[in-house]
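Numbering (UniProt numbering), first residue to last: 1 to 168. So the structure is just underneath, and the comments pick up after that.
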């Protein structure tokens with residue numbers, strides 16, 4: 001449910017500070033995600049005291065990553081966020097800064113393609129039928145776009161307005 005709001009924040013950053021700053025933040029976030037994966041993996045490998053074996057078992061269960069899912073998430077995040085920010089800026093230039101709703105929904109619609117398709121294909125290709133893959137892609141894409149349109153864009157408008165108001 002919260003995933004599309006990452007795009008909303010990306011839209012706000014791109015709207016206010018441009019693609020160059022947005023791209024830096026996306027790469028920093030990507031690297032932070034890799035550090036998180038490495039740190040939790042190290043936590044799984046470290047031995048735990050015997051009296052905490054139940055806790056260690058639960059920790060391992062929750063934080064053991066399926067490599068395909070991690071790779072799919074990282075690839076989808078990077079491609080989706082970068083394309084969203086780049087397209088957001090291009091539409092802003094073309095529309096001379098007007099109609100922010102077109103930029104937020106339009107850039108997210110394209111960004112979600114670059115996120116959803118690689119994620120589903122990398123994570124699930126060969127594990128489910130082609131029909132199930134297509135259904136996953138369609139449902140993920142549609143739900144992300146619906147949330148963006150109904151909640152993300154109004155929140156982006158409000159956030160941009162507040163930031164501009166307090167930065168005057």
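Heads up, the beta-carbon is just placed ideally off N, CA and C, and yes, glycines get one too.
Quick check: the stretch 88-98 against the stretch 9-20, are there 3 or more CB pairs under 8 Å? By the Cβ rule, the stretch 88-98 counts as touching the stretch 9-20, because three or more pairs are nearer than 8 Å.
Starting from residue 47, trace the alpha helix (DSSP H) in both directions and tell me its first and last residue. Mapped onto the chain shown, residue 47 falls at position 47. Note, residue 47: premise wrong, no alpha helix (DSSP H); not H, not E.
Check whether the Cβ atoms of residue 75 and residue 122 sit closer than 8 Å, and answer yes or no. Along the chain shown, one-based indexing puts residue 75 at 75. Along the chain shown, one-based indexing puts residue 122 at 122. It is a contact, given that the beta carbons lie within the stated cut-off.
Mapping DSSP to helix, strand and coil, what is residue 70? Along the chain shown, read from residue 1 onward, the residue named residue 70 stands at position 70. The answer is helix: DSSP assigns residue 70 an H, G or I state.
Would you mind listing the alpha helix (DSSP H) stretches within the stretch 80-159 that are 4+ residues and don't spill past its ends, in chain order? 100-124, 130-147
Cβ contact check for the stretch 151-164 and the stretch 91-106: 3 or more pairs under 8 Å: Contact between the stretch 151-164 and the stretch 91-106 is present, because at least three Cβ pairs lie under 8 Å.
Just confirm the distance between the C-beta atoms of residue 165 and residue 3, as a whole number of angstroms; I'd bet it's less than 8 Å. The residue labelled residue 165 in the question sits at position 165 within the chain shown. The residue labelled residue 3 in the question sits at position 3 within the chain shown. At roughly 28 Å, the Cβ-Cβ gap does not stay under 8 Å, so residue 165 and residue 3 are not in contact.
Assuming residue 140 and residue 116 form a contact by the criterion Cβ under 8 Å, report the distance between their Cβ atoms to the nearest whole angstrom. For this step, residue 140 is matched to residue 140 along the chain shown. For this step, residue 116 is matched to residue 116 along the chain shown. Sure, about 5 Å apart at Cβ, within 8 Å.
Cutoff 7 Å; reference residue 114; Cβ partners in own chain excluding five residues on either side: What you label residue 114 is simply residue 114 of the chain shown in a count that begins at 1. Correct list, in chain order: 79, 80, 83.
Supposed contact pair residue 100 and residue 157 - C-beta distance, whole angstroms, cut 8 Å: Position 157 of the chain shown, counted from the first residue, corresponds to residue 157. Position 100 of the chain shown, counted from the first residue, corresponds to residue 100. That pair is a contact at about 6 Å.
In whole angstroms, give me the CA-to-CA distance for residue 112 and residue 39. Locating residue 112 in the chain shown gives position 112, counting from the first residue. Locating residue 39 in the chain shown gives position 39, counting from the first residue. Cα-Cα distance, rounded: 28 Å.
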